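Okay, structure first, notes after.
Residue numbers (our numbering): 1 to 267.
Structure, rendered in C-alpha cells:
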C-alpha cells in the first residue's frame with residue numbers, strides 16, 4: 001500500500017545518529033564484507049589460492065588443545081607455501097617460541113591461559129606490542145560479541161570461530177598476509193545479531209510507547225490516516241508522533257524510517 005506523504009512540516013533529523021547495523025559492501029573475493037569500527041573485513045567463505053602467497057609463509061600455531069593443534073598441522077601441511085615453524089600450548093610458550101623462531105604469522109586460540117598468565121584480548125595486546133609487524137589470526141569458541149569486538153579493535157588480521165569450516169583457515173591466512181582483515185561467517189553473524197539487539201534496545205529507550213507504536217504500524221504498511229483510525233487518534237497527533245520519532249532517531253526520510261523498523265524486527 002502506498003503511504004501518504006507527511007504534512008508540510010518536515011521531520012529533519014536533529015539528534016545524534018544511533019549506531020546502525022554493520023554495513024555491507026563487496027570485497028576482493030566478491031564476498032560480502034562488513035565495516036566494523038572503521039575496518040573493512042571479509043565475511044563470507046571463498047576459495048583462496050594459497051599458492052599466490054609469497055613462499056613460504058612461516059606459521060606458529062598456538063592452542064591449548066593437542067587435538068586442535070594436530071588438526072591445524074594436518075590442514076596446513078596440505079597447503080602450498082605454508083610452513084609451520086613452531087607450536088605452543090600456552091600464552092607463555094607462544095611468546096617463548098615467537099622469540100626463538102623467524103615467523104610471519106601466528107594462528108592462535110583466543111583463550112589458552114594457565115594460572116597467572118595473560119589471556120584473551122590482553123594476551124593479543126601484549127603480543128601485538130612485542131611483535132607489531134607479524135600477522136595474527138585468531139581461532140575461538142567465544143560467543144560474546146563484546147569480546148570479539150575487542151579482539152578486532154586490537155587489529156588482529158583475522159578472526160574465525162571454531163564452529164566455522166576448517167577450510168576457511170587458509171582463506172583467513174591469505175587475507176591476513178595481504179593485510180586484508182577477515183572475519184569468518186559465524187563471528188560475522190554473532191556481531192550482526194548483537195548489533196541488531198543493540199539497535200532494538202536503543203530504539204525502545206529513546207522512543208515513547210506511543211511513538212514506537214506509530215512507527216511499528218507505519219513500517220507494516222499503514223499510512224498516517226489509517227494509523228489514526230486504528231489507534232483512535234487524530235491525523236495531526238499521529239503525524240506529530242511520527243515526526244518526533246524520526247527526529248529522535250536522526251532519520252531524514254520515510255525510507256530510513258522503514259529501514260530502521262526492519263533492523264529492529266518490527267515489520
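Yeah, the Cβ is synthetic: ideal placement off N, Cα and C, and Gly gets one too.
It should be emphasised that the depicted structure is a prediction, and the values quoted were computed from it without experimental measurement.
Item: Determine the closest residue to residue 254 out of 243, 263, 264, with distance taken between C-alpha atoms.; Value: 243
Item: Given residue 66, which residues of its chain have a CB within under 8 Å of its CB, disregarding the five upstream and five downstream residues?; Value: 89
Item: Secondary structure at residue 111, three-state DSSP: helix, strand or coil?; Value: coil
Item: Who pairs with residue 83 in a beta bridge, going by DSSP?; Value: 58
Item: State the Cα-Cα distance for the pair residue 348 and residue 188, rounded to the nearest angstrom.; Value: This structure leaves residue 348 out entirely; the chain is present only between 1 and 267.
Item: Let me know the secondary structure DSSP gives residue 135 once reduced to three states.; Value: strand
Item: Under the three-state reduction of DSSP, which class applies to residue 230: helix, strand or coil?; Value: helix
Item: Measure the alpha-carbon distance for residue 104 versus residue 58 and round it to whole angstroms.; Value: 5 Å
Item: Output yes or no for whether 8 Å exceeds the beta carbon distance between residue 73 and residue 61.; Value: yes
Item: So what does residue 88 bridge to, in DSSP terms?; Value: 62
Item: With distances taken between CB atoms, is the gap from residue 157 to residue 133 smaller than 8 Å?; Value: no
Item: Please confirm if the segment 250 to 264 is in contact with the segment 193 to 206, defined as three or more CB-CB distances below 8 Å between the two stretches.; Value: yes
Item: Which residue comes first and which comes last in the alpha helix (DSSP H) that contains residue 101?; Value: Neither: residue 101 is in no alpha helix (DSSP H) and is coded neither H nor E.
Item: Do the CB positions of residue 102 and residue 137 come within less than 8 Å of each other?; Value: no
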